[in-house]
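> In this note's numbering, the protein residues as written are 16 to 449. I am attaching a structure below and will ask some questions about it afterwards.
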Ligand code: DLL
């Protein structure tokens, strides 16, 4: 029997959800046009007026927004409320230039927390649970986002933030923590640290589930985490522009539910900008339907995913998206072949002798691009025989070649020599760009 946070909304018939979205979209376009000089100018330049939006399909008349708009209007030029109505700021550092600042009214914070309370409930969490939040607290949205969602649910929160890993493990054990939220790479580091200090997460803790996201990861890594820690691993997704972490898989573990009363999802062809049929991969475009401080109209998130249209076993009617398979801007082109880091992770995690840490290094030697993957071996697979090591290298490069159609050099490196991460990890070094 599934538990719902708000059954009326979560199981609302699709037709009614659509009507609700239509009403909210109509209000939203008036709201942003009246309150934000940025949006008014953008609409005017695009030749569209709020009155032109009468149905959901009319959304295609609206212009897109992108991260660069937030940078161009830094720090708060896209906001729709004055400072007096703001409750909080967060910011994301980004790789270049100024950070992107996002802001929230009290209602925005409440809605955000509600999204996560629904999501946590959807995997069976309740008031008896204790959630260790090991996402960073501070400007990053992960820590405080998960924290407020957990409190809204009425579960207990352990706000460890990231870092100080041995201490985290001690508290996990002593306080009977049942759930954890952190990046998958940080959880791998926790598993490794636990092993080092002689602690067995599977046997010695009450941990049942983890919410892993904020960075790309794969089904294969999920399976590893589930096996090694004896827990259920759920994908958690969101971006700071949308608010922060907002959506997770439900207990059916077949896609991430996007709360349709709060967000409108489009999946578009990256080249043509047209909607792709359900099930086909495209880029995620989000319109926020309830945000007050920083509403987004057709925001191009740059994440690649698919819409899943079959009804979900959990009974929720809200649309689902598949795991993010990459970003349209993290594709690496090597000798003309498109490679996504996730493809490499999928191949590596299926090979039991390969450990959980790897690094992709792309370079240009003379006129030719080259790709090397450094991997640490699984502790149990170590051999001091050169021939075993050579055989493993051949096995890995053969598996990569068959998926990528590209010759990849494989380098086995010493256990512990690749960087570990407490937050978002970096898996690619592209020396061509340095
Ligand atoms: O990472 C918010 C978040 C915090 C999500 C904690 C989940 C958990 P940003 O720092 O703005 O916000 O980064 C957003 O991270 O566009 C994706 O490229 C990536 N990302 C986030 N979650 C996932 C995920 C937070 N589950 C960017 N799978 C997004 C793959 C993810 N990529």
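Even for Gly, the Cβ is constructed at its ideal location relative to N, Cα and C.
Terminal residues of the continuous alpha helix (DSSP H) containing residue 157?
Here the alpha helix (DSSP H) through residue 157 covers 156-168.
> Going by DSSP, what residues sit across from residue 119 in a beta bridge?
Beta-bridge pairing links residue 119 to 103.
> Rounded to whole angstroms, what's the CA-CA distance from residue 13 to residue 338? Just pull it up for me.
With the chain covering 16 to 449 only, the question about residue 13 has no answer from this structure.
> Comparing alpha-carbon positions, which option in 382, 53, 76 lies nearest residue 64?
Taking only the C-alpha atoms, the option nearest residue 64 is 76.
> Taking the CB atoms as reference points, tell me whether residue 368 and residue 233 lie closer together than 9 angstroms.
Their beta carbons are not under 9 angstroms apart, which means residue 368 does not touch residue 233 by this criterion.
> Nearest to residue 307 by alpha carbon, out of 22, 409, 84, 100?
Of 22, 409, 84, 100, the residue nearest in Cα terms is 100.
> On the CB-based measure, 16 or more other CB atoms within 10 Å of its CB, does residue 411 come out buried or exposed?
Buried, by the Cβ-count rule.
> So residue 358 and residue 374 are supposed to be a Cβ contact under 8 angstroms. How far apart are they, rounded?
Actually they do not touch by this definition, with Cβ atoms about 15 angstroms apart.
> Closest to residue 80 by CA distance: which of 300, 91, 293 is it?
Cα-wise, what sits closest to residue 80 is 300.
> Within this structure, are the beta carbons of residue 156 and residue 107 separated by less than 9 angstroms?
Contact: yes.
> In angstroms, rounded to a whole number, what distance separates the CA positions of residue 430 and residue 423?
Each residue's Cα considered, the two are about 21 angstroms apart.
> Could you tell me whether any non-hydrogen atom of the ligand DLL is closer than 8 angstroms to the CB of residue 356?
Answer for residue 356: no, Cβ out of range of the ligand DLL.
> Please name the residue or residues paired with residue 315 in a DSSP beta bridge.
Note: residue 315 sits in a beta bridge opposite 300.
> Excluding the 5 residues preceding and the 5 following residue 350 in the sequence, name in chain order all residues of the same chain whose CB lies nearer than 8 angstroms to its CB.
Cβ neighbours of residue 350 beyond the five flanking positions: 383, 384, 421.
> What is the residue span of the beta strand (DSSP E) that residue 22 lies within?
Careful: residue 22 lies outside any beta strand (DSSP E), inside the alpha helix (DSSP H) at 22-25.
> State buried or exposed for residue 247, treating a residue as buried only when at least 16 other CB atoms are found within 10 Å of its CB.
Buried: at least 16 other Cβ atoms inside 10 Å.
> Between residue 74 and residue 41, how many whole angstroms is the CB-CB distance? I'm expecting something under 8 angstroms.
Contact flag wrong, Cβ pair sits at about 11 angstroms.
> Among 278, 268, 322, 215, which residue has its Cα nearest to the Cα of residue 294?
Cα-wise, what sits closest to residue 294 is 322.
> Measuring only the C-alpha atoms, how far is residue 282 from residue 313?
Looking at the two C-alpha atoms, the distance is approximately 11 angstroms.
> Short of 6 angstroms in beta carbon distance, which residues of its chain neighbour residue 89, apart from the five on each side in sequence? Order them along the chain.
The residues are 113.
> Looking at residue 240: is its Cβ nearer than 9 angstroms to the Cβ of residue 292?
No, Cβ-Cβ distance for residue 240 and residue 292 is not below 9 angstroms.
> So, helix, strand or coil for residue 271, using DSSP?
DSSP places residue 271 in strand when its eight states are reduced to three.
> Could you check if residue 328 is buried or exposed, using at least 16 other CB atoms within 10 Å of its CB as the buried criterion?
Residue 328 is exposed by the Cβ-count criterion.
> Below 8 angstroms CB to CB, which residues in the same chain sit around residue 166 once its five sequence neighbours on both sides are set aside?
So the list reads 128, 172, once near-sequence residues are dropped.
> Would you mind working out which of 149, 126, 255, 150 sits nearest residue 168, comparing C-alpha positions?
Nearest of 149, 126, 255, 150 to residue 168, Cα basis: 126.
> Could you pull the start and end residues of the beta strand (DSSP E) that residue 385 belongs to?
From DSSP, the beta strand (DSSP E) with residue 385 extends over 383-392.
> Put residue 260 into one of helix, strand or coil per three-state DSSP.
It is a strand residue.
> The alpha helix (DSSP H) spanning residue 61 covers which residue range?
First-last of the alpha helix (DSSP H) with residue 61: 52-61.
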